[in-house]
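What follows is a short report on a single structure.
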Amino acid sequence: MFTTRFAPSPTGLLHRGHAFSALTVHDAARAAGGRFILRIEDIDQTRCRPEHEAAIFEDLAWLGLDWETPVRRQSDHLGDYAAVIEDLNGRGLLYRCFRTRREIMEGIGQAPHGPAEAVRPGPHSPAEEARLLDEGRPFAWRLSLDRAREALGAAWTDLAFVEEGTGPAGETGLIRARPETAGDVVLARKDAGVAYHLAATHDDALQGVTHVIRGHDLFEAVHIQRLIQALMGWPAPIYRHHRLLTGPDGKRYAKRDRSQTLAELRTGGMTPQALRVELGFPDAA
Numbered sequence: 000m001f002t003t004r005f006a007p008s009p010t011g012l013l014h015r016g017h018a019f020s021a022l023t024v025h026d027a028a029r030a031a032g033g034r035f036i037l038r039i040e041d042i043d044q045t046r047c048r049p050e051h052e053a054a055i056f057e058d059l060a061w062l063g064l065d066w067e068t069p070v071r072r073q074s075d076h077l078g079d080y081a082a083v084i085e086d087l088n089g090r091g092l093l094y095r096c097f098r099t100r101r102e103i104m105e106g107i108g109q110a111p112h113g114p115a116e117a118v119r120p121g122p123h124s125p126a127e128e129a130r131l132l133d134e135g136r137p138f139a140w141r142l143s144l145d146r147a148r149e150a151l152g153a154a155w156t157d158l159a160f161v162e163e164g165t166g167p168a169g170e171t172g173l174i175r176a177r178p179e180t181a182g183d184v185v186l187a188r189k190d191a192g193v194a195y196h197l198a199a200t201h202d203d204a205l206q207g208v209t210h211v212i213r214g215h216d217l218f219e220a221v222h223i224q225r226l227i228q229a230l231m232g233w234p235a236p237i238y239r240h241h242r243l244l245t246g247p248d249g250k251r252y253a254k255r256d257r258s259q260t261l262a263e264l265r266t267g268g269m270t271p272q273a274l275r276v277e278l279g280f281p282d283a284a
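Take the sequence shown: its letter number 212 is residue 211 in numbering that gives the first Met the number 0, and every next letter is one higher.
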């Protein structure tokens, strides 16, 4: 059965961009006679807040959406992700990385604000790793692309995914996955038991997600997520990426820019029907 999901992180209040994505996902499931799943991706416990999670439920209900219960909250299932980390590590696919983001960037001559996950710092020497462990230094588990390539063998070159929508550059159809562009990504962070790529792919497989519908900003994430799926023997969903909603200034809506929230729109008198029409959806009433 067609199954898709909307998976926000409760790090702030939802805005028009979130509404556009949620409505896109929900309406796709309804049109296909399928399932719409709401998932709370709250593994970043330094930024996620219970009040923001409560606001997500309120905002989506106001939009007229309904979803299956119980809702999966990732922070309640860290043991599930730890088991995957243990499995990958037992197969020799991970390595401990004690380096900070700044140290990695300085080591390759990039500014600290550069794309940290596009680099391949490599494992420490056994002696250095033992010393750092003895000192109690925190570390992250990184996925070794070299070891992953060896594990998959010829299947590495066959990694691909189906894009039913379009990527940022118009990519569509069957697309070859290029996990090498992501570098040795972090799968378990120092401040949490898991990182986004692993948690999202694990939960998509667990919840039977057949279609991942999300914004262009996550298109590049598919490349490394296809690798994780292949390594774990998880099914590959079909992907459908959509445009990012932008405001009158041409900038996409974002929490960090304090975009007008759905709660503010609601307080200002906007109806969900009016917002649907504004965002280009037919009035569901």
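The beta-carbon is built from N, C-alpha and C at its ideal position, and this holds for glycine as well.
Local Cβ density within 10 Å of residue i, reported as buried at 16 or more and exposed below that
{"i": "residue 149", "result": "exposed"}
{"i": "residue 40", "result": "buried"}
{"i": "residue 216", "result": "exposed"}
{"i": "residue 273", "result": "exposed"}
{"i": "residue 186", "result": "buried"}
{"i": "residue 111", "result": "Reliability of the predicted coordinates at residue 111 is poor, the pLDDT of 44 falling under 50, and no value is obtained from them."}
{"i": "residue 44", "result": "exposed"}
{"i": "residue 258", "result": "buried"}
{"i": "residue 260", "result": "buried"}
{"i": "residue 16", "result": "buried"}
{"i": "residue 173", "result": "exposed"}
{"i": "residue 83", "result": "buried"}
{"i": "residue 154", "result": "exposed"}
{"i": "residue 58", "result": "buried"}
Which listed residue (the options) has its alpha carbon closest to that of residue i
{"i": "residue 10", "options": "0, 118, 42", "result": "42"}
{"i": "residue 5", "options": "184, 202, 277, 80", "result": "202"}
{"i": "residue 219", "options": "160, 128, 16, 36", "result": "160"}
{"i": "residue 287", "options": "81, 224, 176", "result": "Any property of residue 287 remains undetermined from this structure, which presents the chain solely from 0 to 284."}
{"i": "residue 244", "options": "2, 7, 23", "result": "23"}
{"i": "residue 214", "options": "167, 131, 267", "result": "167"}
{"i": "residue 138", "options": "276, 193, 70", "result": "193"}
{"i": "residue 3", "options": "153, 101, 177, 239", "result": "239"}
{"i": "residue 37", "options": "65, 84, 237", "result": "65"}
{"i": "residue 71", "options": "198, 263, 262", "result": "198"}
{"i": "residue 158", "options": "235, 242, 126", "result": "235"}
{"i": "residue 191", "options": "88, 266, 73, 105", "result": "73"}
{"i": "residue 145", "options": "0, 129, 184", "result": "184"}
{"i": "residue 54", "options": "275, 262, 177, 279", "result": "262"}
{"i": "residue 21", "options": "251, 265, 241, 266", "result": "241"}
{"i": "residue 180", "options": "143, 26, 136, 151", "result": "143"}
{"i": "residue 122", "options": "104, 165, 60, 95", "result": "95"}
{"i": "residue 344", "options": "275, 91, 120", "result": "The chain is shown only over 0 to 284; residue 344 falls outside these bounds and no answer can be derived."}
Local conformation of residue i per DSSP, three classes
{"i": "residue 251", "result": "strand"}
{"i": "residue 265", "result": "helix"}
{"i": "residue 42", "result": "coil"}
{"i": "residue 118", "result": "coil"}
{"i": "residue 210", "result": "strand"}
{"i": "residue 201", "result": "helix"}
{"i": "residue 260", "result": "strand"}
{"i": "residue 110", "result": "Residue confidence is low: residue 110 scores 45 on pLDDT, short of 50, so the model does not pin down where it sits. Its coordinate-derived value is still stated next. Note: residue 110 maps to coil in three-state DSSP."}
{"i": "residue 123", "result": "coil"}
{"i": "residue 66", "result": "coil"}
{"i": "residue 48", "result": "coil"}
For residue i: DSSP bridge partner residues
{"i": "residue 1", "result": "According to DSSP, residue 1 bridges with nothing at all."}
{"i": "residue 162", "result": "172, 238"}
{"i": "residue 36", "result": "4"}
{"i": "residue 185", "result": "141"}
{"i": "residue 245", "result": "251"}
{"i": "residue 95", "result": "140"}
{"i": "residue 72", "result": "39"}
{"i": "residue 311", "result": "Nothing about residue 311 can be reported from this structure: the residues present for the chain run from 0 to 284 only."}
C-alpha distance - residue i paired with residue j, whole-angstrom precision
{"i": "residue 19", "j": "residue 48", "result": "22 Å"}
{"i": "residue 56", "j": "residue 28", "result": "18 Å"}
{"i": "residue 118", "j": "residue 98", "result": "12 Å"}
{"i": "residue 34", "j": "residue 206", "result": "10 Å"}
{"i": "residue 189", "j": "residue 13", "result": "27 Å"}
{"i": "residue 271", "j": "residue 62", "result": "5 Å"}
{"i": "residue 67", "j": "residue 7", "result": "15 Å"}
{"i": "residue 113", "j": "residue 282", "result": "At residue 113 the pLDDT is 46, less than 50, meaning the model places this residue with poor confidence; the figure from the coordinates comes in the next sentence. Roughly 42 Å separates the two Cα atoms."}
{"i": "residue 182", "j": "residue 268", "result": "47 Å"}
{"i": "residue 80", "j": "residue 208", "result": "17 Å"}
{"i": "residue 237", "j": "residue 175", "result": "13 Å"}
{"i": "residue 247", "j": "residue 31", "result": "33 Å"}
{"i": "residue 115", "j": "residue 101", "result": "Annotation note: pLDDT 45 at residue 115 (below 50); position unreliable, coordinate value reported separately. Between residue 115 and residue 101, the C-alpha separation is close to 9 Å."}
{"i": "residue 125", "j": "residue 200", "result": "31 Å"}
{"i": "residue 178", "j": "residue 226", "result": "6 Å"}
{"i": "residue 87", "j": "residue 211", "result": "24 Å"}
{"i": "residue 251", "j": "residue 278", "result": "14 Å"}
{"i": "residue 136", "j": "residue 265", "result": "47 Å"}
{"i": "residue 132", "j": "residue 162", "result": "43 Å"}
Residue i beta carbon near the ligand SAM (any heavy atom closer than 7 Å)
{"i": "residue 47", "result": "Summarising the ligand content, the structure contains no ligands, and the ligand SAM is consequently not present."}
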